[in-house]
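Peer 1:
Residue numbers (UniProt numbering): 1 to 395.
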């Protein structure tokens, strides 16, 4: 039966980033890595108005810089030069700027298709092999690793299995890994929109009594919209024609970018805070959305997953123990635990605080936003969370 050293179940952005982070060391140590992915990577990047995108924090940019990928990624990365945080109907607002923080950008918005293309092009095919399109239907723990059964009936054994398939396949449950799931009772409406005025690298986080929204700068003067509403209300918005939808969006967002002129394809995602109760076992790591899935409004989910990925790669490369050694994997998790707890807590509390119309909490929000703008230490702390540097002073 074929055997590899590391099998990465899920070749999306998290899985591919891990493969890129490990491949130089893998070449030195003779490790063979296999990426197993249901969707075959495209033959090349094709620009699309409706491309989904990811907001990379400054910390994530630093990771891709260290991996030697940033010069290519940056060709289609739109810098976030300022973030404007406001609460509809109240005068308080906070403004974060890259210049004040002494960084080139607070973050960058990158189309997922372009980021994937950059990662796939960077893979060393002598070290990293693909099984695609392919899906793992069963994982069986062995004394020295895992046996994976694929949907074509073939099998593959590995010393270390990385579960990075977003939790869609039910593999966690199959292995008896408990998953906590806290629904927000909200859905995120995602689309790209074109404003009349130039966005000039300005990102907006706008909080309303119905739920938060974000408008992030994209290439070609588009903006990526994340609009969170109660699920039934989000479904109603999905059913509107483009003109009616833009009119409601304009009313909720205002005219800071002039009139909103074009809306692309809309996608709806129900929101919940999910977390795997185990992230490591002997010969197994749960990574990415399979480990934790956050509310998108704070833009922390992928950035946390990338930091997990980076620390896991560093821990594996620094270890002299055999791949899959439990003590090594626990060392990785211990070093990331405070980052995970802080980021998940920050994202969840911001979401809950800014999704309520309760008068006392709303007044507290106003004071909080005023405090952010008037108190440099508080503003600095908030900015570091937004940039993905909350527990990463070395960045």
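Just so it is clear, CB atoms sit at the ideal spot from N, CA and C, and this is done for glycine as well.
Note that the coordinates shown come from a computational prediction; the quantities given were computed from them, not determined experimentally.
#1: Any idea if residue 49 is buried or exposed, counting beta-carbon neighbours within 10 angstroms, 16 or more meaning buried?
#2: Can you name the start and end residues of the alpha helix (DSSP H) that residue 232 belongs to?
#3: What's the call for residue 15, buried or exposed, on a 16-neighbour Cβ count within 10 Å?
#4: Output the distance between the C-alpha atoms of residue 208 and residue 2, rounded to the nearest integer angstrom.
#5: Alpha carbon to alpha carbon, how far is residue 272 from residue 247? Give it in angstroms, no decimals.
#6: Tell me where the beta strand (DSSP E) around residue 192 begins and ends.
#7: Please name the residue, chosen from 339, 331, 317 and 343, that lies closest to residue 6 on a Cα-to-Cα basis.
#8: State the Cα-Cα distance for the pair residue 26 and residue 275, rounded to the nearest angstrom.
#9: Curious, which full-length beta strand (DSSP E) runs of at least 3 residues does the segment 19-65 contain?
#10: Only counting the same chain, and skipping five residues up and downstream in sequence, which positions put a Cβ closer than 6 angstroms to that of residue 82?
#11: Exposed or buried, which one is residue 185 when buried takes at least 16 other CB atoms within 10 Å?
#12: Please work out which residues of its chain come closer than 7 angstroms, Cβ to Cβ, to residue 76, disregarding the five sequence neighbours upstream and downstream, and give them in chain order.
#13: I need the DSSP call for residue 113, collapsed to helix, strand or coil.
#14: Name, in chain order, the residues that DSSP records as bridge partners for residue 253.
#15: If I follow the unbroken alpha helix (DSSP H) through residue 301, where does it start and stop?
#16: For the beta strand (DSSP E) containing residue 129, name the first residue and the last one.
#17: Checking 9 angstroms against the spacing of the C-beta atoms, do residue 164 and residue 44 come in under that value?
#18: Roughly how many angstroms lie between the CA atoms of residue 301 and residue 160, to the nearest whole one?
#19: Only counting the same chain, and skipping five residues up and downstream in sequence, which positions put a Cβ closer than 8 angstroms to that of residue 22?
#20: Pop quiz: residue 284 and residue 238 are said to be a contact at Cβ under 8 angstroms. What is the actual Cβ separation, rounded to whole angstroms?
#21: Residue 254: buried (16+ other C-beta within 10 angstroms of its C-beta) or exposed?
#22: For residue 68, I'd like the list of residues in its chain whose CB is within less than 8 angstroms of its CB, leaving aside the five on either flank, ordered along the chain.
#23: In or out: residue 262 buried (at least 16 other Cβ within 10 Å) or exposed?
#24: Using DSSP's beta-bridge definition, name the partner residues of residue 296.
#25: Determine which residues share a DSSP beta bridge with residue 224 and list them.
#26: Where residue 333 and residue 197 are concerned, what is the direct C-alpha to C-alpha distance, given to the nearest angstrom?
#27: Need the endpoints of the beta strand (DSSP E) that residue 262 sits in, please.
#28: Taking only three categories from DSSP, how would you classify residue 200?
#29: Please confirm whether any heavy atom of the ligand NAD lies closer than 8 angstroms to the CB of residue 322.
#30: If you compare alpha carbons, which of 325, 176, 148 and 293 is closest to residue 343?
#31: What residue range does the beta strand (DSSP E) around residue 140 cover?
#32: Whose C-beta lies closer than 6 angstroms to the C-beta of residue 291 among residues of the same chain, with five residues either side of it excluded?
#33: Run through DSSP, which three-state label would residue 277 get?
#34: Taking DSSP as the reference, what is the three-state secondary structure of residue 17?
#35: If you count every other CB in all the chains shown that lies within 10 Å of the CB of residue 117, and 16 or more means buried, which is it?
Peer 2: According to the structure shown:
#1: Classified as exposed, residue 49 has fewer than 16 neighbouring CB atoms from the shown chains inside 10 Å of its CB.
#2: In this chain, the alpha helix (DSSP H) harbouring residue 232 covers 231-239.
#3: Sixteen is the threshold: when 16 or more other Cβ atoms of the shown chains lie within 10 Å of the Cβ of residue 15, as they do, the residue is buried.
#4: Take the alpha-carbon of residue 208 and the one of residue 2: they are about 55 angstroms apart.
#5: Straight-line Cα distance between these residues: approximately 28 angstroms.
#6: Per DSSP, residue 192 belongs to the beta strand (DSSP E) from 179-195.
#7: Checking every option, the nearest Cα to that of residue 6 belongs to 317.
#8: Approximately 30 angstroms between the Cα atoms of the pair.
#9: List check, beta strand (DSSP E) in window: 33-36 and 53-57.
#10: Around residue 82: 97 and 202.
#11: Residue 185 should be labelled exposed.
#12: Here the set comprises 110, 111, 114 and 219.
#13: Shown here, residue 113 sits in a helix according to DSSP, grouped into three states.
#14: BP columns for residue 253 are empty, so no partner.
#15: Looking at the DSSP string, the run of the alpha helix (DSSP H) that includes residue 301 is 301-318.
#16: First-last of the beta strand (DSSP E) with residue 129: 128-131.
#17: Not a contact, by the Cβ cut-off of 9 angstroms.
#18: Computed Cα separation, rounded: 24 angstroms.
#19: Cβ within range, chain order: 6, 31, 33, 313, 316 and 317.
#20: Residue 284 to residue 238, Cβ: 38 angstroms. No contact.
#21: When all chains shown are included, residue 254 counts as exposed.
#22: Short of 8 angstroms from the beta carbon of residue 68, and not among the five residues preceding or following it, lie these beta carbons of its own chain, in chain order: 122.
#23: Its Cβ having fewer than 16 others within 10 Å, residue 262 is exposed.
#24: Residue pairing by DSSP leaves residue 296 without any beta bridge partner.
#25: DSSP lists 192 and 216 as the bridge partner or partners of residue 224.
#26: The alpha-carbon separation between residue 333 and residue 197 amounts to approximately 45 angstroms.
#27: Here the beta strand (DSSP E) through residue 262 covers 260-263.
#28: Here residue 200 sits in coil by DSSP.
#29: By its list of ligands, the structure shown contains no ligand whatsoever, and the ligand NAD lies outside what it can speak to.
#30: The shortest C-alpha separation from residue 343 is found at 293.
#31: Looking at the DSSP string, the run of the beta strand (DSSP E) that includes residue 140 is 136-142.
#32: By the criterion of a C-beta distance shorter than 6 angstroms, residue 291 is surrounded in its chain by 276 and 279, once the five residues flanking it on both sides are discounted.
#33: In this structure, residue 277 counts as coil in the three-state DSSP scheme.
#34: In the three-state reduction of the DSSP assignment, residue 17 falls in the helix class, which pools H, G and I.
#35: The residue is buried, with at least 16 neighbouring Cβ atoms inside 10 Å.
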